[in-house]
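Those protein sequence lines, which keep their order, are chains A and B. Take 263 as the starting number for the first sequence in the numbering used here and just add one per residue. Take 211 as the starting number for the second sequence in the numbering used here and just add one per residue. Let me begin by presenting the structure, written as structure tokens, before commenting on it.
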Amino acid sequence: MDMIHSNISEQENTTQRYEVLRELGDCYASVGSCEQAQRCYEKAALLGPDEADPYVGLGVVALEQGLLDDAEIAFRVACRLDSASSKAYAGLAMVAQERSDYKQSFDMYLRCLELDTDNLTALLGLFQTSCKMGSFAQVIHYLEVYLDMHPGDGSVMFSLAALYVKEGRLAEAETLLRDVLTLNPDNVDAADLLEEVEHGLAGQRQAGE
Amino acid sequence: MAVENLGAKSGPLVSVLIPSYNRSEYLHTALASVVRQDYSNIEIIVIRDGGDPIDGVVRHFNDPRIIFIDRDDNRGKGFTLNEGLARAAGKYICYLDNDDLYYRHHVCTLVNALENETDCLVAYTDLYRTYCRIEYDGTREVLSKVVEVSRDFDRFVMLYFNHALHVSLMHRRDLVEKIGPYNEQLNVLIDWDLTRKLCFFTDFYHVNEVTGEYYSPVGESDRVSVRRRKDANDYLRNVLRIRTTRPAKPWPKINDVSIICVGRKLNQQIAGTLASIWRHTFYPYKVYLPLSQADLARLDVGMPNVATVAVEAGASPSECVDAALAGCEGEYTVVVPDGFEIREFWLEDSLYGLIESPGRREGFELEDSTDKLWAVVLETDDLRDARRRFPRASVRESLNAAGIKVRRVQPAEIPFQFDQLLCQSETAGRDGNWAQAGLMLEDIAGRYGNELWMKYRAAEAYFKAGEFDKACELVRQINGKKPTVDSLLLEARLKRREKNFRPAIVLLEEAERMLEGKELVWT
Numbered sequence: 263m264d265m266i267h268s269n270i271s272e273q274e275n276t277t278q279r280y281e282v283l284r285e286l287g288d289c290y291a292s293v294g295s296c297e298q299a300q301r302c303y304e305k306a307a308l309l310g311p312d313e314a315d316p317y318v319g320l321g322v323v324a325l326e327q328g329l330l331d332d333a334e335i336a337f338r339v340a341c342r343l344d345s346a347s348s349k350a351y352a353g354l355a356m357v358a359q360e361r362s363d364y365k366q367s368f369d370m371y372l373r374c375l376e377l378d379t380d381n382l383t384a385l386l387g388l389f390q391t392s393c394k395m396g397s398f399a400q401v402i403h404y405l406e407v408y409l410d411m412h413p414g415d416g417s418v419m420f421s422l423a424a425l426y427v428k429e430g431r432l433a434e435a436e437t438l439l440r441d442v443l444t445l446n447p448d449n450v451d452a453a454d455l456l457e458e459v460e461h462g463l464a465g466q467r468q469a470g471e
Numbered sequence: 211m212a213v214e215n216l217g218a219k220s221g222p223l224v225s226v227l228i229p230s231y232n233r234s235e236y237l238h239t240a241l242a243s244v245v246r247q248d249y250s251n252i253e254i255i256v257i258r259d260g261g262d263p264i265d266g267v268v269r270h271f272n273d274p275r276i277i278f279i280d281r282d283d284n285r286g287k288g289f290t291l292n293e294g295l296a297r298a299a300g301k302y303i304c305y306l307d308n309d310d311l312y313y314r315h316h317v318c319t320l321v322n323a324l325e326n327e328t329d330c331l332v333a334y335t336d337l338y339r340t341y342c343r344i345e346y347d348g349t350r351e352v353l354s355k356v357v358e359v360s361r362d363f364d365r366f367v368m369l370y371f372n373h374a375l376h377v378s379l380m381h382r383r384d385l386v387e388k389i390g391p392y393n394e395q396l397n398v399l400i401d402w403d404l405t406r407k408l409c410f411f412t413d414f415y416h417v418n419e420v421t422g423e424y425y426s427p428v429g430e431s432d433r434v435s436v437r438r439r440k441d442a443n444d445y446l447r448n449v450l451r452i453r454t455t456r457p458a459k460p461w462p463k464i465n466d467v468s469i470i471c472v473g474r475k476l477n478q479q480i481a482g483t484l485a486s487i488w489r490h491t492f493y494p495y496k497v498y499l500p501l502s503q504a505d506l507a508r509l510d511v512g513m514p515n516v517a518t519v520a521v522e523a524g525a526s527p528s529e530c531v532d533a534a535l536a537g538c539e540g541e542y543t544v545v546v547p548d549g550f551e552i553r554e555f556w557l558e559d560s561l562y563g564l565i566e567s568p569g570r571r572e573g574f575e576l577e578d579s580t581d582k583l584w585a586v587v588l589e590t591d592d593l594r595d596a597r598r599r600f601p602r603a604s605v606r607e608s609l610n611a612a613g614i615k616v617r618r619v620q621p622a623e624i625p626f627q628f629d630q631l632l633c634q635s636e637t638a639g640r641d642g643n644w645a646q647a648g649l650m651l652e653d654i655a656g657r658y659g660n661e662l663w664m665k666y667r668a669a670e671a672y673f674k675a676g677e678f679d680k681a682c683e684l685v686r687q688i689n690g691k692k693p694t695v696d697s698l699l700l701e702a703r704l705k706r707r708e709k710n711f712r713p714a715i716v717l718l719e720e721a722e723r724m725l726e727g728k729e730l731v732w733t
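So this is what it looks like as structure tokens:
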């Protein structure tokens, strides 16, 4: 068909159906329609055989349904297709966490955060697994990085403050908790923890005297 | 007559021409899409131009409206379409390639437009370009359906290059008597040759609706026209052949241009000027070449549309112009000295202003004109008037004396404003200035038509700029009128962003239905 140049590349134009199906899969997954989401992701995977996202979607759907083996396979395929897919590593971490394999889960969350320090799911997952394992140094680092980027996130601020307390860094915990309460004076957990921290700090001061 | 009534036998007969050369595996779908048209008063002329046998496919339909011309030798698409035109009896003609397809309302929409909505003798719709992957068994896996061009008729653009898809076109059959048959010497751009010739005689009516699909396999295309385009010289020869085609007059919709090429004598320089005119002029023209008898005797013009004019040896430039002017047929005349720099748009940039503001006793000095190499375009009557009244003066002086103002064209007067602005918006987008691109595209939609097409592109630009409210407003307007797969996808993304998943699902399901084309599956 002989037509005036349309300035649109072929590459740009050949992914449309894939994108429709992937978006549709994500929307179905968001409203809990797992079967329909799965159907869309499977079709998307056929249309975009080199794309990781449909496999991430399939993994999430399987995870939602408690099909951990299926979820792991899907997330592994996604990792193979795109070794920089932070979502795929987050998925593998969640599968491991469900299996109570906290070491594996912790490692996968870390891989995810190395690729995307902004991934809140991974951050909170890392926090949870850290609590289980009693190892906090790395999670503190990632929470601090995240807060640099999202300075007003109260839930992360509180989590970080809790970790400071566990590490005995009471002064830093006190500052952070005061910030949390400035943002939300009704945060009872923060108020309780702050009271505990202030008590601890007072004890330290007395011991110092 | 309403659209619904046109399904009746009483509507005018429409001839659908389907040339077929190989790719016979897709013919069934193409033919089925014609047989199942809502509009029934059609004759379907299938012409096998050699290649794969298709009699089985044609017989399968057992439809008395099908006329089958089964020819073993491959004579080319031009010959094949002429064969079809010779057999056609319909008031209207439309075309379908053997691997493309019409939606059910295609013929009905175009007949309704031509019978009831316009005085134009040609109408065209929009088509999806369907990108597909060819599977091992030859089936086509649809990857996307995109309306790449949805352009309102623009004669100047049509003269420069095609903007109406052949498969989307319907024209009166009696126009063929005026434009002549398909040019069988062309082996590519046959479609454009037809549309270009048609625009000498009629405006085209654009029906802003998608009524069919043409297929583009990703990667290496198997289309004959694509393969042939790869020979750049051959392609250029075809372009020049088309651009120099002058259908028989009268031309109700185009004013002719006469180019008087003034040279002292026949030499390399004048030959070079002529060759450049041939290569760089897309507006229909005829060159008038005043030369002495001696020069004419040794002249060997290798280009079309050149008329020689005998002048006295040593004739002055104004005498040469006067001699040529006597025979000029064009409503506009260009006077250009040999050695003048001829580049793309050399003439059309100035001519367009003249065409758009007729009867102002005004000429335009061509853009590269200098005092030494002075060139002008103006209405032929104005030039004749000036020469008649001031025959002894130079051309320039005579125009001045006759009160014909000669000026340079202003930027706002040059053609292809729409294309230039579109290009600028694309540059802004490539530079990451999507908000600016969106503004420009909205402005284009307001000033230069092509409204839905430009509004969609503006919405897309605003989306990329993060100006979601603006994107949403525009894309809703489009989807309220003529949704496409792309516009539905964009609105769904905006809904999803707002976490309105249910409405997003509705939009995406509609987009997926369009892509799957379930309504297009014929048996």
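The beta-carbon is built from N, C-alpha and C at its ideal position, and this holds for glycine as well.
Against Leu291(B), chain A offers no close residue; the least beta-carbon distance is about 14 angstroms (beta-carbon pairs closer than 8 angstroms). Excluding its 5 nearest sequence neighbours in each direction, Leu651(B) has C-beta neighbours in its own chain below 7 angstroms: Ser635, Met664, Arg667, Ala668 and Ala671, listed in chain order.
Note: Ser354(B) is bridge-paired with Tyr341(B) in the DSSP secondary-structure output. The beta carbon of Val428(B) falls within 9 angstroms of a beta carbon belonging to chain A, placing the residue at that interface. In the three-state DSSP reduction, Lys615(B) falls in the strand class (E or B). Annotated three-state conformation of Lys394(A) is helix, per DSSP.
By the criterion of at least three beta-carbon pairs nearer than 8 angstroms, the region 465-480 of chain B is in contact with the region 519-535 of chain B. Restricting attention to Glu376(A), Gln298(A) and Asn446(A), the CA atom closest to the CA of Ser348(A) is found in Glu376(A).
Secondary structure within the region 353-428 of chain B: the alpha helix (DSSP H) runs of 4 or more consecutive residues, fully enclosed, are 365-370, 385-389 and 400-408 (chain order).
Selection Asn275(A), Leu385(A) and Tyr364(A) evaluated against Cys374(A) yields Leu385(A) as nearest (Cα-Cα).
Close partners of Ser608(B) in chain A (Cβ separation under 7 angstroms) are lacking, with about 40 angstroms as the shortest Cβ gap. Boundaries of the alpha helix (DSSP H) around Glu566(B): Glu558 to Glu566. Between Asn308(B) and the set Gly286(B), Ser360(B) and Leu241(B), the nearest pair of CA atoms involves Leu241(B). Taking the Cα positions, Glu304(A) is about 43 angstroms away from Phe363(B). Of Asp548(B), Glu589(B) and Gly429(B), the smallest CA-CA separation from Leu564(B) is found for Glu589(B). At a cut-off of 9 angstroms between beta-carbon atoms, Thr277(A) makes contact with chain B. Sequence-distant Cβ neighbours of Val321(B) in its own chain, meaning closer than 8 angstroms and more than five residues away, are Leu216, Gly221, Pro222, Val224, Tyr249, Tyr302 and Met380.
If you compare the alpha carbons of Val267(B), Leu291(B), Cys342(B) and Asn251(B) with that of Arg275(B), the shortest gap goes to Asn251(B). When the five nearest sequence neighbours on each side are left out, the beta carbons in the same chain lying within less than 6 angstroms of the beta carbon of Ser354(B) are those of Tyr341, in order along the chain. Ile480(B) sits in a helix when the DSSP states are folded into three classes.
Residue range Val467 to Val472 is occupied by the beta strand (DSSP E) that includes Ser468(B).
Contact between Asp315(A) and Arg284(A) holds: their C-beta atoms lie close to 6 angstroms from each other, under 8 angstroms.
Contact of Ile277(B) with chain A is not assigned, every C-beta pair being separated by 9 angstroms or more. About 29 angstroms separates the Cβ atoms of Phe414(B) and Ala442(B), ruling out a contact at the 8 angstroms cut-off.
Not one beta carbon of chain B lies nearer than 9 angstroms to the beta carbon of Val318(A).
With its beta carbon at least 9 angstroms from every one in chain A, Val497(B) lies outside the interface. Residues of the same chain with a CB within less than 8 angstroms of the CB of Glu334(A), apart from the 5 flanking positions on each side, are Gly321, Leu354 and Val357 in chain order. DSSP lists Asp259(B) as the beta-bridge partner residues of Arg281(B). Of all residues in the region 279-292 of chain A, the ones placed with a Cβ closer than 8 angstroms to any Cβ belonging to chain B are Arg279, Tyr280, Glu281, Val282, Leu283, Glu285, Leu286, Asp288, Cys289, Tyr290 and Ser292, in chain order. If you draw a 10 Å sphere on the C-beta of Gln468(A), you find fewer than 16 other C-beta atoms in it, and that means exposed. A direct Cα-Cα distance of roughly 34 angstroms separates Lys691(B) from Pro462(B). Setting aside the 5 residues that flank it on each side, Arg553(B) is surrounded in the same chain by His490, each with a C-beta closer than 7 angstroms to its C-beta; the list follows chain order. Between Leu718(B) and Leu286(A), the C-beta spacing is below 9 angstroms. For Glu326(A), the secondary structure class from DSSP, reduced to helix, strand or coil, is helix. Lys496(B): member of the beta strand (DSSP E) spanning Tyr495 to Ser502, first to last residue. Interface residue (Cβ-Cβ distance to chain B less than 9 angstroms): Leu388(A) is not classified as such.
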